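Residue numbers (my numbering): 28 to 120. Data block below; observations after.
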């Protein structure tokens with residue numbers, strides 16, 4: 028039993044790293060386009076979702092609050108998040 032378990036565990040050890048040597052420009056472009064699609068989709072979807080939960084007279088206010096929260100989060104990302112994610116620190120994620 029121990030031999031089978033050891034063999035099973037050894038099978039899943041990361042022996043080889045299958046990382047690519049260089050960045051593929053097509054993959055990078057697709058990830059950027061996908062990110063832009065998600066960033067455009069999220070505020071509209073949230074506005075429609077929360078707008079459907081309010082009365083018709085409050086829908087415009089709900090849309091404005093969702094867009095305001097999106098703009099605030101975007102500005103905070105530009106100011107602080109970008110430097111944390113892509114800064115020159117080698118010990119970062």
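Just so you know, even glycine gets a beta-carbon here, dropped at the ideal spot from N, CA and C. Nothing here was measured: the structure is a model prediction, and the numbers come from that model.
In whole angstroms, what separates the C-alpha of residue 83 from that of residue 93? 16 Å
Residue 89 burial status per 10 Å Cβ neighbour count (16 or more: buried): buried
Can you give me the start and stop residues for the alpha helix (DSSP H) that residue 54 sits inside? 52-79
Quick check: the Cα distance between residue 56 and residue 50, rounded to an integer number of angstroms? 11 Å
Rounded straight-line distance, which links the Cα of residue 80 to that of residue 52: 43 Å
Rounded to whole angstroms, what is the Cα-Cα separation between residue 73 and residue 98? 13 Å
Need the endpoints of the alpha helix (DSSP H) that residue 34 sits in, please. 29-38
Unbroken alpha helix (DSSP H) run spanning residue 85, endpoints: Careful: residue 85 lies outside any alpha helix (DSSP H) and carries neither H nor E.
Just to confirm, is the Cβ distance from residue 95 to residue 86 under 8 Å? no
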